[in-house]
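One rule links them: number in the working numbering = place in the sequence shown (from 1) + 38. Beta carbons are placed, not taken as given, at the ideal position from N, Cα and C, and that holds for glycine. To start, the structure itself, in structure tokens.
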Amino acid sequence: MRNSFALLLLTASSAIPQAVPAQNATTQRPAVPGVAFVRENYSKYEYRIPMRDGVKLFTSVYIPKDVF
């Protein structure tokens, strides 16, 4: 029984690397082109909002610079 379990484990572990598809360069996420635009046109404010149970939630607020 122990030998059959070891054989099953060995067989299953050798099949796992073959089941994972290879990643090529096209599956990687390209750089975000709008980062510079957001930094130039928006002001960023970060707040920690207290909840009733004592936890503070973090939030980022982006406001267009041409509003004020």
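Asked, Found
"Between Lys94 and Leu48, what straight-line distance do the alpha-carbon atoms span, to the nearest angstrom?", "48 Å"
"Would you list, in sequence order, the uninterrupted alpha helix (DSSP H) runs of no fewer than 4 residues that lie entirely inside the segment 73-99?", "73-79"
"So, using beta-carbon positions, are Pro102 and Tyr85 closer together than 8 Å?", "no"
"Rounded to whole angstroms, what is the Cα-Cα separation between Pro88 and Val73?", "29 Å"
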